[in-house]
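Encoded as structure tokens, the structure appears first; notes follow it.
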Amino acid sequence: MKKKGIKVIDLFAGVGGLSLGFKAAGYDVVGAIDIDADCKKTYNLNYPNVNYICEDIRKLNTKDILKTFNVKKVDLIIGGPPCKGFSTIGARSSSKIEIRKKFDERNYLFKDFVRVVNEIKPRVVLFENVSGFMSFNKGKVFELVKSSFQDIGYEIESYLLDAVNFGVPQFRKRVFIVARKKNISEIGPPKKLSTKVKLKQMQTVKEAISDLAGKEKQISNHEPLNHGEKNIRRYKLIPEGGRLPEDKLSPDIYRRNFGNTFKRLDRKAPSLTMVPGHNAFPIHPWLNRSLTVREAARIQTFPDNFIFTGNRQSQCLQVGNAVPVNLAAAWAFHLKRFLI
Ligand SMILES: C[S@@+](CC[C@H](N)C(=O)[O-])C[C@H]1O[C@@H](n2cnc3c(N)ncnc32)[C@H](O)[C@@H]1O
Numbered sequence: 001m002k003k004k005g006i007k008v009i010d011l012f013a014g015v016g017g018l019s020l021g022f023k024a025a026g027y028d029v030v031g032a033i034d035i036d037a038d039c040k041k042t043y044n045l046n047y048p049n050v051n052y053i054c055e056d057i058r059k060l061n062t063k064d065i066l067k068t069f070n071v072k073k074v075d076l077i078i079g080g081p082p083c084k085g086f087s088t089i090g091a092r093s094s095s096k097i098e099i100r101k102k103f104d105e106r107n108y109l110f111k112d113f114v115r116v117v118n119e120i121k122p123r124v125v126l127f128e129n130v131s132g133f134m135s136f137n138k139g140k141v142f143e144l145v146k147s148s149f150q151d152i153g154y155e156i157e158s159y160l161l162d163a164v165n166f167g168v169p170q171f172r173k174r175v176f177i178v179a180r181k182k183n184i185s186e187i188g189p190p191k192k193l194s195t196k197v198k199l200k201q202m203q204t205v206k207e208a209i210s211d212l213a214g215k216e217k218q219i220s221n222h223e224p225l226n227h228g229e230k231n232i233r234r235y236k237l238i239p240e241g242g243r244l245p246e247d248k249l250s251p252d253i254y255r256r257n258f259g260n261t262f263k264r265l266d267r268k269a270p271s272l273t274m275v276p277g278h279n280a281f282p283i284h285p286w287l288n289r290s291l292t293v294r295e296a297a298r299i300q301t302f303p304d305n306f307i308f309t310g311n312r313q314s315q316c317l318q319v320g321n322a323v324p325v326n327l328a329a330a331w332a333f334h335l336k337r338f339l340i
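If you read the sequence shown in the UniProt record's numbering, its first letter stands for residue 1, the second for the next number, and so on.
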């Protein structure tokens with residue numbers, strides 16, 4: 001017998017941060033698509049009952065997608081195409097002009113998102129991306145995505161939200177485009193994570209990870225990196241909530257400071273953004289090592305029973321790329337009243 005419920009497809013699903021939020025709010029996630037084989041393994045391990053197509057979306061035809069997912073109608077399509085080119089700390093802010101200017105075809109994968117939406121015609125679409133997406137190419141790509149949904153008959157709303165306001169112990173701004181069929185009234189943004197969704201809500205790094213210190217290697221994905229002696233000396237110089245002081249480094253450990261790798265989190269505050277597409281996390285608030293995958297996953301509000309597979313670099317990418325589960329759940333709960 002087929003399950004009833006609000007049917008969802010997750011495009012560019014990664015390991016399914018979005019999927020997990022929607023599942024937590026009671027949706028029926030009928031299928032997910034992503035090109036990455038490690039993401040598929042992690043997704044399959046955690047959601048053995050959801051069909052996952054591991055393929056380049058540009059090669060997929062919608063009839064086959066629906067057949068594989070064993071559905072005829074879909075209520076909602078969610079997803080976030082790759083955001084590396086839009087991210088303010090990706091190629092876009094490189095000092096090398098040729099890297100900045102390089103045509104990044106990942107930035108145009110949204111066209112396939114729109115194509116699949118046009119062929120499936122869900123009632124609502126939730127499209128997520130990094131905040132830099134709004135200003136990329138002087139805002140032209142953002143306008144193009146919105147008008148592409150309008151051209152296929154949807155009303156558009158867009159919202160810039162910070163995960164920190166939705167029970168996530170992390171500053172993480174993301175833009176959401178909501179496309180709705182014309183017979184659905186204005187949806188608006190979620191206000192906060194509903195208490196009806198049984199997920200732990202957190203505000204500070206301490207709340208999220210303090211109990212994990214001393215339990216290294218005892219729980220899954222909680223293996224610290226073996227840092228070299230020079231890096232440990234550098235870490236010791238980084239104050240809590242601060243960054244590597246370049247002016248205080250002796251010549252033998254001198255290095256330029258960039259990204260989040262040489263920043264130490266403040267236990268009393270929300271975390272810095274777990275950077276998408278990056279395989280290094282910031283430094284633990286009081287230990288002289290970078291965060292483990294499990295600590296980063298906690299900051300992304302993944303529960304501990306969610307297991308990441310693949311090598312460490314891949315696991316870091318999977319965690320950093322995800323939509324925080326609590327933010328996804330806030331949307332899921334909010335959208336429900338328009339979809340029931
Ligand atoms: C920002 S991540 C999505 C994260 C996901 N929404 C979550 O919450 O966990 C973007 C994903 O797009 C996938 N991707 C990139 N190019 C793709 C393509 N051509 N077809 C399908 N998936 C692709 C990447 O493998 C990556 O997992």
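We put the CB at the ideal spot given by N, CA and C, even for glycine.
Just so we're clear, the structure is a prediction, and the values are computed from it rather than from any experiment.
Practice item. Would you identify the three-state DSSP class for Gln315, choosing helix, strand or coil? Key: Note: Gln315 maps to helix in three-state DSSP.
Practice item. Go through its chain and collect everything with a Cβ distance to Ala179's Cβ below 6 Å, but skip five positions before and after it. Key: Within the same chain, Val125, Phe149, Tyr154 and Ile156 come within 6 Å of Ala179 by CB-CB distance, once the 5 residues on both sides are set aside.
**Study point:** Distance CB(Asp252)-CB(Lys236) smaller than 9 Å
**Key:** Against a cut-off of 9 Å, the Cβ pair of Lys236 and Asp252 comes out as no contact.
Check your understanding: Per DSSP, what kind of secondary structure is Glu128 in: helix, strand or coil?
Key -> Correct three-state label for Glu128: strand.
Check your understanding: Cα separation between Lys23 and Leu249?
Key -> Cα to Cα, Lys23 sits roughly 48 Å from Leu249.
**Study point:** Bounding residues of the beta strand (DSSP E) (the contiguous stretch that carries Lys73)
**Key:** It is not in any beta strand (DSSP E) - Lys73 carries neither H nor E in the DSSP assignment.
Review point. Do you know how far the Cα of Glu246 is from the Cα of Tyr254?
Key: Those two C-alpha atoms are separated by around 7 Å.
Check your understanding: Going straight from the alpha carbon of Phe103 to that of Asn137, what length do you get?
Key -> With a pLDDT of only 49 at Phe103, under the threshold of 50, the placement of this residue in the model should not be trusted; the figure read from the coordinates follows. Cα to Cα, Phe103 sits roughly 11 Å from Asn137.
Exercise for review: Could you give the DSSP three-state label for Ile283: helix, strand or coil?
Suggested key: Looking at Ile283 - three-state DSSP - the assignment turns out to be strand.
Review point. Quick one, which of Ala322, Asp211, Gly79 and Cys54 has its alpha-carbon nearest His284's?
Key: That would be Asp211, whose Cα lies nearest to the Cα of His284.
**Study point:** Identity of the residue in Trp331, Gln218, Ala330 and Leu244 nearest Glu295 by Cα
**Key:** When only C-alpha atoms are compared, the closest one is Gln218.
Check your understanding: Hey, Thr204 and Ala163: beta-carbon distance below 9 Å or not?
Key -> Contact check for Thr204 against Ala163 fails: the beta carbons are separated by 9 Å or more.
Check your understanding: For Pro190, does the count of other Cβ atoms within 10 angstroms reach 16, so buried, or fall short, so exposed?
Key -> Counting Cβ neighbours within 10 Å, Pro190 comes out buried, since at least 16 surround it.
**Study point:** Distance CB(Val50)-CB(Tyr27) smaller than 9 Å
**Key:** Contact check for Val50 against Tyr27 fails: the beta carbons are separated by 9 Å or more.
Practice item. Identify the continuous beta strand (DSSP E) that holds Ile156 and give its terminal residues. Key: Element bounds for Ile156: Tyr154 to Asp162.
**Study point:** Assigned exposure category for Leu199 - 16 Cβ within 10 Å defines buried
**Key:** Label assigned to Leu199: buried.
Point to revise | Endpoints, alpha helix (DSSP H) assigned at Phe176 | key: Counting along the chain, no alpha helix (DSSP H) covers Phe176; the unbroken beta strand (DSSP E) around it starts and ends at Lys173 to Lys181.
Review point. Ends of the beta strand (DSSP E) at Asn51?
Key: Boundaries of the beta strand (DSSP E) harbouring Asn51: Asn51 to Cys54, taken from the DSSP string.
Check your understanding: Where DSSP assigns a beta bridge to Ser271, which residues make up the other side?
Key -> Answer is Gln170.
**Study point:** Close-in-space but distant-in-sequence residues of the same chain around Ala328 (CB under 7 Å, 5 per side omitted)
**Key:** Gly17, Leu18, Leu20, Gly21 and Phe22.
Point to revise | Backbone secondary structure at Ile299 - three-state DSSP | key: DSSP, reduced to helix, strand and coil, places Ile299 within a helical segment of the structure shown.
Point to revise | Which listed residue (Phe338, Ile307, Asn221 and Ser314) has its alpha carbon closest to that of Leu45 | key: Nearest in C-alpha terms to Leu45, of all of Phe338, Ile307, Asn221 and Ser314, is Ile307.
Review point. Would the C-beta of Glu119 count as close to ligand 1, meaning under 8 Å from any of its heavy atoms?
Key: Result no, Cβ not under 8 Å from ligand 1.
Review point. If you draw a straight line from the alpha carbon of Thr309 to that of Asn183, how long is it in whole angstroms?
Key: One alpha carbon belongs to Thr309, the other to Asn183, and they sit about 42 Å apart.
**Study point:** Which of helix, strand or coil DSSP assigns to Arg92
**Key:** Caution is warranted here: a pLDDT of 49 is assigned to Arg92, below 50, making its placement in the model unreliable, and the coordinate value is therefore given only provisionally. For Arg92, the secondary structure class from DSSP, reduced to helix, strand or coil, is helix.
Check your understanding: How many whole angstroms separate the CB atoms of Ile33 and Ile57, which I take to be in contact at a CB cut-off of 8 Å?
Key -> Right, the Cβ-Cβ distance comes to about 6 Å (below 8 Å), so this counts as a contact.
Exercise for review: List the DSSP bridge partners of Lys196.
Suggested key: According to DSSP, which records beta bridges pairwise, Lys196 is partnered with nothing at all.
Review point. Tell me the DSSP bridge mates of Gly31?
Key: Gly31 pairs with Ile9 and Asn51.
Point to revise | Cut-off 7 Å between Cβ atoms - residues of its own chain near Leu225, not counting five sequence neighbours on either side | key: Within the same chain, Cβ atoms closer than 7 Å to the Cβ of Leu225 are found at Arg289 and Ser290, the five residues on either side in sequence being excluded.
**Study point:** Under the three-state DSSP convention, the category Glu223 falls into
**Key:** Here Glu223 sits in coil by DSSP.
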